[in-house]
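Those protein sequence lines, which keep their order, are chains A and B.
Numbering follows the UniProt record's numbering, in which position 61 of the first sequence is assigned residue number 61; successive positions increment by one, without gaps.
Numbering follows the UniProt record's numbering, in which position 271 of the second sequence is assigned residue number 271; successive positions increment by one, without gaps.
Cβ atoms here follow ideal geometry from the backbone N, Cα and C, with glycine treated the same way.
Here the structure is a predicted model, which means the values were calculated and not measured.
Below is one structure, written out as structure tokens, with a few remarks after it.
There are 2 protein chains.
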Amino acid sequence: MAAELTAQQLIDQHRPTLDRALEAIRTRAYWSPHPEHPKAYGEHGSLDLAAGRAAFDALLGARLDLGQPGTDDWVGGETSPYGVELGVSYPHADLDVLLPAMRAGMRAWRDAGAETRAVVCLEILRRISDRTTEFAHTVMHTSGQAFMMAFQAGGPHAQDRGMEAVAYAYAEQTRTPDTAQWTKPQGKRDPLTLTKRFTPVPRGIGLVIGCNTFPTWNGYPGLFASLATGNAVLVKPHPRAVLPLALTVQVARQVLTEAGFDPNLVALAAERPGEGIAKTLATRPEIRIIDYTGSTEFGDWLEANARQAQVHTEKAGVNTVIVESTGDYQGMLANLAFSLSLYSGQMCTTPQNLLIPRGGITTDQGPRSFDEVVADLAKAVDGLLGDDARANALLGAIVNPDVKARLEAAAGLGEVALASREIANPEFPDAVVRTPVIVTLDGSKPDAEAAYLSECFGPVSFAVAVDSASDAAELLRRTVREKGAMTVGAYTTSPEVEETVREVCLEEAAQLSLNLTGGVYVNQTAAFSDFHGSGGNPAANATLTDAAFVANRFRVIEVRREA
Amino acid sequence: MAAELTAQQLIDQHRPTLDRALEAIRTRAYWSPHPEHPKAYGEHGSLDLAAGRAAFDALLGARLDLGQPGTDDWVGGETSPYGVELGVSYPHADLDVLLPAMRAGMRAWRDAGAETRAVVCLEILRRISDRTTEFAHTVMHTSGQAFMMAFQAGGPHAQDRGMEAVAYAYAEQTRTPDTAQWTKPQGKRDPLTLTKRFTPVPRGIGLVIGCNTFPTWNGYPGLFASLATGNAVLVKPHPRAVLPLALTVQVARQVLTEAGFDPNLVALAAERPGEGIAKTLATRPEIRIIDYTGSTEFGDWLEANARQAQVHTEKAGVNTVIVESTGDYQGMLANLAFSLSLYSGQMCTTPQNLLIPRGGITTDQGPRSFDEVVADLAKAVDGLLGDDARANALLGAIVNPDVKARLEAAAGLGEVALASREIANPEFPDAVVRTPVIVTLDGSKPDAEAAYLSECFGPVSFAVAVDSASDAAELLRRTVREKGAMTVGAYTTSPEVEETVREVCLEEAAQLSLNLTGGVYVNQTAAFSDFHGSGGNPAANATLTDAAFVANRFRVIEVRREA
Numbered sequence: 001m002a003a004e005l006t007a008q009q010l011i012d013q014h015r016p017t018l019d020r021a022l023e024a025i026r027t028r029a030y031w032s033p034h035p036e037h038p039k040a041y042g043e044h045g046s047l048d049l050a051a052g053r054a055a056f057d058a059l060l061g062a063r064l065d066l067g068q069p070g071t072d073d074w075v076g077g078e079t080s081p082y083g084v085e086l087g088v089s090y091p092h093a094d095l096d097v098l099l100p101a102m103r104a105g106m107r108a109w110r111d112a113g114a115e116t117r118a119v120v121c122l123e124i125l126r127r128i129s130d131r132t133t134e135f136a137h138t139v140m141h142t143s144g145q146a147f148m149m150a151f152q153a154g155g156p157h158a159q160d161r162g163m164e165a166v167a168y169a170y171a172e173q174t175r176t177p178d179t180a181q182w183t184k185p186q187g188k189r190d191p192l193t194l195t196k197r198f199t200p201v202p203r204g205i206g207l208v209i210g211c212n213t214f215p216t217w218n219g220y221p222g223l224f225a226s227l228a229t230g231n232a233v234l235v236k237p238h239p240r241a242v243l244p245l246a247l248t249v250q251v252a253r254q255v256l257t258e259a260g261f262d263p264n265l266v267a268l269a270a271e272r273p274g275e276g277i278a279k280t281l282a283t284r285p286e287i288r289i290i291d292y293t294g295s296t297e298f299g300d301w302l303e304a305n306a307r308q309a310q311v312h313t314e315k316a317g318v319n320t321v322i323v324e325s326t327g328d329y330q331g332m333l334a335n336l337a338f339s340l341s342l343y344s345g346q347m348c349t350t351p352q353n354l355l356i357p358r359g360g361i362t363t364d365q366g367p368r369s370f371d372e373v374v375a376d377l378a379k380a381v382d383g384l385l386g387d388d389a390r391a392n393a394l395l396g397a398i399v400n401p402d403v404k405a406r407l408e409a410a411a412g413l414g415e416v417a418l419a420s421r422e423i424a425n426p427e428f429p430d431a432v433v434r435t436p437v438i439v440t441l442d443g444s445k446p447d448a449e450a451a452y453l454s455e456c457f458g459p460v461s462f463a464v465a466v467d468s469a470s471d472a473a474e475l476l477r478r479t480v481r482e483k484g485a486m487t488v489g490a491y492t493t494s495p496e497v498e499e500t501v502r503e504v505c506l507e508e509a510a511q512l513s514l515n516l517t518g519g520v521y522v523n524q525t526a527a528f529s530d531f532h533g534s535g536g537n538p539a540a541n542a543t544l545t546d547a548a549f550v551a552n553r554f555r556v557i558e559v560r561r562e563a
Numbered sequence: 001m002a003a004e005l006t007a008q009q010l011i012d013q014h015r016p017t018l019d020r021a022l023e024a025i026r027t028r029a030y031w032s033p034h035p036e037h038p039k040a041y042g043e044h045g046s047l048d049l050a051a052g053r054a055a056f057d058a059l060l061g062a063r064l065d066l067g068q069p070g071t072d073d074w075v076g077g078e079t080s081p082y083g084v085e086l087g088v089s090y091p092h093a094d095l096d097v098l099l100p101a102m103r104a105g106m107r108a109w110r111d112a113g114a115e116t117r118a119v120v121c122l123e124i125l126r127r128i129s130d131r132t133t134e135f136a137h138t139v140m141h142t143s144g145q146a147f148m149m150a151f152q153a154g155g156p157h158a159q160d161r162g163m164e165a166v167a168y169a170y171a172e173q174t175r176t177p178d179t180a181q182w183t184k185p186q187g188k189r190d191p192l193t194l195t196k197r198f199t200p201v202p203r204g205i206g207l208v209i210g211c212n213t214f215p216t217w218n219g220y221p222g223l224f225a226s227l228a229t230g231n232a233v234l235v236k237p238h239p240r241a242v243l244p245l246a247l248t249v250q251v252a253r254q255v256l257t258e259a260g261f262d263p264n265l266v267a268l269a270a271e272r273p274g275e276g277i278a279k280t281l282a283t284r285p286e287i288r289i290i291d292y293t294g295s296t297e298f299g300d301w302l303e304a305n306a307r308q309a310q311v312h313t314e315k316a317g318v319n320t321v322i323v324e325s326t327g328d329y330q331g332m333l334a335n336l337a338f339s340l341s342l343y344s345g346q347m348c349t350t351p352q353n354l355l356i357p358r359g360g361i362t363t364d365q366g367p368r369s370f371d372e373v374v375a376d377l378a379k380a381v382d383g384l385l386g387d388d389a390r391a392n393a394l395l396g397a398i399v400n401p402d403v404k405a406r407l408e409a410a411a412g413l414g415e416v417a418l419a420s421r422e423i424a425n426p427e428f429p430d431a432v433v434r435t436p437v438i439v440t441l442d443g444s445k446p447d448a449e450a451a452y453l454s455e456c457f458g459p460v461s462f463a464v465a466v467d468s469a470s471d472a473a474e475l476l477r478r479t480v481r482e483k484g485a486m487t488v489g490a491y492t493t494s495p496e497v498e499e500t501v502r503e504v505c506l507e508e509a510a511q512l513s514l515n516l517t518g519g520v521y522v523n524q525t526a527a528f529s530d531f532h533g534s535g536g537n538p539a540a541n542a543t544l545t546d547a548a549f550v551a552n553r554f555r556v557i558e559v560r561r562e563a
């Protein structure tokens, strides 16, 4: 079949973007090719807000036929955290048919080379970007994110993370040249000369195990890293967040087909309720790479059992913010209030433990006691979420009943400094919308440990009274070492405290945000610049994205002969 | 303590070499800074042959006091495969003292940065290089290699591999800049601006588990990769090959001290007979990286059990050469004869299975039947080893009784095409010197499989009769997939056969040498150019050396703040 899109066309179109992405990961300065503002969509073939909404509506209740081989059934049944029945059905696969079919196209994909693979991936991302307004609804109605967050985090930010992975994959595969002439002098005799040819080869089929809360943002790095390094990719979405990744697979299959490759290089593995196919898939011999985001328990299981695969996990952690002193008290409170509220704290990066000296802190507005700091933070959250429309736009919906149950139980763990409130959502009356709870704990009481040393995923934070800054640093160290952390924040005007906290973060491998008081939040990272997780503490064994994230997804095979 | 060697002095001295090494790993053209010829030593502070011999003799019977903390005993007792009692004793460590002491210097080593670490490593290599003639004897009398091979493989080639690891480590750590300014436009509002600082941080203590046959060549990549990425390194040598690595540790500790770092960043873990400390060490929580060369059984154990560490293993494989046709029959025979004879086949890269069509092959000298090919190869080996002096210089000594036993048993596995002969070594009458055995097997007989599908480490090869080239390719595929392979060779003048074999190697991730008839052998790889193993088949989970070999030995920690 003649390709509708030739490699050269794709190179002409996307090579400048690839080069710009390669520059960005070298400099780590700000860059994104994907607009964050909805108004930017609607031209050059992209869907505007209305068209995106219409496209989403057209998906509801329909069968998403991906044309996958081995489809033996249709499964689905997602219910939006906003209460909408999506009613989309997806192909259920006979793995003994699908997996061999996925391998069939790998040779041509391998032989296409790193550059062609990169630009095909960028074309997939461009098509997804054009449908950002549509994807936004799919992310909103699976994750429970508010629309604007679903739009940005599920759209441009996720696409950025995908492109970042493509850039790293390309850079990594081209570090070894395609060919080399090797000439070794032999004194007076003729030199030894060899011609060497180096080929990046894939490991096999990569498995992406998606999560409920950030299906695209957390799914794209592994998907594009594996695909760009020559592997086929099987996407196993979270059963409550299938649609965004199913659409992604559909786009990928279309682009692969148009570019003359086998669409089965990317496929979906949707499952029946309670089928739990992740364990089955993860230990299939065909699966040689796994990218997983989710619970610590299953992440640990994968690391222990999927021994035939390279396993990348992002699990749970306990994120800490140390509040020791600040030169901008109001800025700090506003920044923290936003961090605790965004998406009802349902981010792996949301702070959980706020460590505050029991003797209080110094601020630009004078000293503040422990109780004052906690009360002021509670007030800041209240103020931020005082207007229901704004609260809905910031909080989104509680993603599942487990989170709601944890939130309700949290009030019993200590003294409630800020109670969670129920917010009505006029557009989606069934949505469970809750403001965060802040619970005060005494860090010197052994019985408080069980609370603050466990991850309590959702809109729950603990204001933990500690004896001193150094006590806080030691508790931070212990928390990161034992529980892991995706993020650490600290507020301090003391160079000594800053250095102490920084040293803990360097030793325990945690990413640190210092004194954020403006429009950047500890729970947000920017592709091409920030690392998401470190890969060096128990919260995750990989970071998004560095060379280590891609370097072992392929191997370089050398064929040498005498020249 | 003031450093005798400042970082700037070391940078001035070694930066050009580092830059040259960085260029070499990019181009993979020939390069080595370490001379292969003994005559090159004796100037500029390096030991000439006589001085190297004298230095080695002075080590015998002595206690090698490394000044390590926690030394609770002295252990040793290596006997050379040439029959010499080395009588060197080494510190035995109380791990609960030594491991914390090793961690103590890591902060300063981390803070020194990638460039300083690289040049300190290059200084260690330079000091080792200066003592190449001394190290040659230590490698000879632990591995059983002949002197010239011990000199080259244990000296310059090992040093090259160490430097290659340093270059990759430096390149990898500097892919992310030290700092970045991040400025994100916000429309009409002020941009968001952050200052970001990135620091490569080590994982912890790296453990190098050395092997008997190539203590330095296989030990240096992991040692230098871990050290250059900021980790401390504990070297656990094979009990029969302690001296080369103990001397290496001694040199490293001297250089670290002179450069103002803690010498305990590199330490030795020698063991009592039968103590088996590798398992204990490998699962200590302080050990976060492991580099291992040895048996498949223990490598698999490490991968399954040392879960707290990044584990790099080089295990056993079954190496195949397909002999289908050749345009240089004599060259092929000479090349293969050398490959089978070098160091009595005691290389992880030595061919084991020679797959030859039962209908014979075509050559530049006309067709040759299967039996003729095998007989001609046997004659070539006989010719190569016909002179005892030359045989001794090529074969070295059998490294241990297990290899001797396997060699003796091999004759019973099929029809002996070339019997092993005993060679007398006039200088070392106790040395066990044996020529290789070639055993003919019929690949269509199921009972032959047990022989050719098991690794028979040592001077044993099987000439396996196969039905056709495609039969050979399929057996190659099966062998690599099931047993792994460090090397594959093929002789063919047919583009189709070449393509078939190449495709098998790409799909099964095996390194291929084609039609070698001159002075390069399938069992030899050159640092900076050839990959040793692929990391993609069961013989090894890593290759020497690529970015994946170093990228996960450190993590990058980001500290960001508002600008």
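Classification of residue i by the beta-carbon crowding that lies within 10 angstroms, buried from 16 upward
i, result
"B:HIS37", "exposed"
"A:THR326", "buried"
"residue 564 of chain B", "This structure gives no information on residue 564 of chain B, because the portion of chain B shown stretches from 1 to 563."
"B:GLN346", "buried"
"A:GLN352", "buried"
"B:ALA93", "buried"
"A:GLN365", "exposed"
"B:GLY359", "exposed"
"A:HIS44", "exposed"
"A:ALA58", "exposed"
"A:THR216", "buried"
Residue-level contact to chain A via CB, residue i, 9 Å cutoff
i, result
"B:LYS196", "yes"
"B:ASP530", "yes"
"B:ASP546", "yes"
"B:LEU476", "no"
"B:ARG502", "yes"
Counterpart residues of residue i in DSSP-defined beta bridges
i, result
"A:ASP442", "A:ALA465"
"A:ARG434", "A:GLU422"
"B:VAL266", "B:VAL233"
"A:ASP73", "A:HIS92"
Neighbourhood of residue i by C-beta distance below 8 Å, restricted to the same chain and skipping five residues each side
i, result
"B:ALA547", "TYR168, ALA171 and GLU172"
"B:GLU258", "ALA3, GLU4 and LEU5"
Near the ligand SAM: residue i beta-carbon under 8 Å from a heavy atom
i, result
"A:PHE428", "What this structure holds is no ligand at all, so the ligand SAM is not there to describe."
Neighbourhood of residue i by C-beta distance below 7 Å, restricted to the same chain and skipping five residues each side
i, result
"B:ALA563", "GLN181, THR193, LEU194 and THR195"
"B:SER420", "LEU407, ARG434, THR435, PRO436, VAL437 and PRO459"
Neighbour flag for residue i against chain B, beta carbons, 9 Å
i, result
"A:CYS505", "yes"
Does the stretch 437 to 451 of chain A come close enough to the stretch 410 to 417 of chain A that 3 or more CB-CB pairs lie under 8 Å?
yes
Evaluate contact between the stretch 554 to 563 of chain B and the stretch 373 to 393 of chain B, counting only Cβ atoms and requiring at least three cross-stretch pairs below 8 Å.
no
Between the stretch 223 to 239 of chain B and the stretch 201 to 208 of chain B, are three or more C-beta pairs nearer than 8 Å?
yes
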